[in-house]
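**Student:** Whatever position you read off the sequence shown (first residue = 1), add 125 for our numbering. First the structure, which I've put down as structure tokens, then a few questions once you've had a look.
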Amino acid sequence: GLLQDYEQKTGNEISVAIVQQLGDETVETYAVQLYKEWGIGKKGQDNGALFLVSVTDRQMRIETGYGLEPDLTDIESKRIVSNVVPPYFQAGDWDEGVRAAVVGMISAIGRDYAPSANVARDPAVHAQSEFNIGDYFWLLIFVFIWFGSIFARSRSWWAGGVVGAVAGVIVGFASGAWYWLPVFIVFGLVFDYLVSTKYRDTFIKGNHGNIMWPLLFLMGGRPGRRWDKPGGGFGGFGGGISGGGGASGRW
């Protein structure tokens with residue numbers, strides 16, 4: 126993916142996080158805490174950046190580590206969240222909005238980065254004319270978040286399987302890839318179960334450790350350490366010191 130390729134070639138680490146809501150926190154505080162929790166950036170270099178989106182609050186923020194502040198300046202971050210991304214989000218084009226933010230951050234940082242050939246052909250860099258489920262990934266995620274707010278009000282979780290089946294049928298008709306049907310059904314059941322039983326901890330109490338970290342893998346990123354697993358977690362991030370730089374915006 127784009128972010129993984131970028132990290133391998135430059136050593137810089139960019140993460141993307143989409144959350145349901147901020148709860149009682151400001152987008153700035155939330156971003157700083159999440160940045161620290163995931164340990165973004167290399168230890169001793171703090172060369173990381175985070176793009177945070179809160180769906181319900183319609184807010185976003187770029188949080189920058191000390192090591193990238195000279196390049197990804199507050200002015201450039203403000204331009205991205207105020208001018209570049211909002212038109213896409215306002216039009217409901219989440220995929221392009223996130224892509225535009227990431228590409229803008231990479232361009233601002235510079236360091237002579239050129240995507241590898243396979244990454245340059247990836248949907249995360251260029252749109253494709255043929256159907257690709259990756260092109261609709263963000264739309265599907267936002268739909269499930271919306272349904273999640275409904276499912277969470279009920280302790281039953283079979284409805285998620287029904288919604289997943291409907292989504293699988295739609296994808297099957299659109300692409301002919303019927304193998305997605307059981308995947309969507311299982312995902313819907315698991316998703317409904319989680320939000321029905323863990324909703325208060327995940328979406329209301331602001332438990333950052335339960336944020337939807339798999340979203341990072343769409344563009345090749347990965348989360349780092351979590352508060353509930355100090356020193357462990359999912360892999361190589363070792364920084365986590367934000368310089369307080371960046372910018373916030375709305376759409």
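Built from N, CA and C at the ideal position, the CB exists for glycine as well.
Using the Cα positions of residue 145 and residue 291, report the straight-line distance between them to the nearest angstrom.
**Tutor:** Here the question's residue 145 lines up with position 20 in the sequence shown. Here the question's residue 291 lines up with position 166 in the sequence shown. When rounded, the distance between both Cα atoms is 23 angstroms.
**Student:** So the candidates are 215, 186, 216 and 193; which of them puts its Cα closest to the Cα of residue 204?
**Tutor:** Along the sequence shown, one-based indexing puts residue 204 at 79. Residue 204 has its Cα closest to that of 186, out of 215, 186, 216 and 193.
**Student:** Could you check if residue 235 is buried or exposed, using at least 16 other CB atoms within 10 Å of its CB as the buried criterion?
**Tutor:** Locating residue 235 in the sequence shown gives position 110, where the first residue counts as 1. Residue 235 is exposed by the Cβ-count criterion.
**Student:** Would you list the one or two residues that DSSP bridges to residue 177?
**Tutor:** Position 52 of the sequence shown, counting from 1, holds the residue named residue 177. In the DSSP output, where bridge partners are listed per residue, residue 177 has 142 and 186.
**Student:** Identify, in the order they occur along the chain, each residue of the same chain with its Cβ nearer than 6 angstroms to the Cβ of residue 304, setting aside the five sequence neighbours on each side.
**Tutor:** On the sequence shown, position 179 is the one that residue 304 refers to. None.
**Student:** Could you tell me which residues DSSP pairs with residue 374 in its beta bridges?
**Tutor:** One-based indexing of the sequence shown puts residue 374 at position 249. Paired residue(s): 185.
**Student:** What's the call for residue 329, buried or exposed, on a 16-neighbour Cβ count within 10 Å?
**Tutor:** Taking the first residue of the sequence shown as 1, we reach residue 329 at position 204. Note on residue 329: pLDDT 45, under 50, position unreliable in the model; no value is reported.
**Student:** Buried or exposed: which applies to residue 219, given that a residue is buried once 16 or more other Cβ atoms fall within 10 Å of its Cβ?
**Tutor:** Looking up residue 219 in the sequence shown gives position 94. Buried, because 16 or more other Cβ atoms sit within 10 Å of the Cβ of residue 219.
**Student:** Along the alpha helix (DSSP H) that carries residue 227, what are the first and last residues, could you check?
**Tutor:** Residue mapping note: residue 227 aligns to position 102 of the sequence shown, counting from 1. Segment 219 to 234, the alpha helix (DSSP H) holding residue 227.
**Student:** With DSSP collapsed to three states, give me the class of residue 352.
**Tutor:** Residue 352 sits at position 227 when you count from the first residue of the sequence shown. At residue 352, the pLDDT of 31 sits below 50, so the modelled position is not reliable and the matter cannot be decided from this model.
**Student:** Please report the straight-line C-alpha distance between residue 295 and residue 285, rounded to a whole angstrom.
**Tutor:** Within the sequence shown, residue 295 is the residue found at index 170, counting from 1. Within the sequence shown, residue 285 is the residue found at index 160, counting from 1. Roughly 15 angstroms between the two C-alpha positions.
**Student:** What span of residues does the alpha helix (DSSP H) with residue 163 cover, start to end?
**Tutor:** Taking the sequence shown and counting its residues from 1, one reaches residue 163 at position 38. Note, residue 163: alpha helix (DSSP H), 152 to 163.
**Student:** Counting Cβ pairs closer than 8 angstroms, one from the segment 195 to 210 and one from the segment 154 to 171, do we hit at least three?
**Tutor:** no
**Student:** Where does residue 284 fall in DSSP's three states?
**Tutor:** Position 159 of the sequence shown, counted from the start, is the residue given in the question as residue 284. In this structure, residue 284 counts as helix in the three-state DSSP scheme.
**Student:** Classify residue 203 as helix, strand or coil using the three-state DSSP reduction.
**Tutor:** On the sequence shown, residue 203 is found 78 positions in, with the first residue counted as 1. The answer is helix: DSSP assigns residue 203 an H, G or I state.
**Student:** Can you tell which of 216, 176, 180 and 134 has the C-alpha that lies nearest to the C-alpha of residue 229?
**Tutor:** In the sequence shown, the residue the question calls residue 229 occupies position 104. Residue 229 has its Cα closest to that of 176, out of 216, 176, 180 and 134.
**Student:** Which of the three DSSP states is assigned to residue 131 in this structure?
**Tutor:** Taking the sequence shown and counting its residues from 1, one reaches residue 131 at position 6. Note: residue 131 maps to helix in three-state DSSP.
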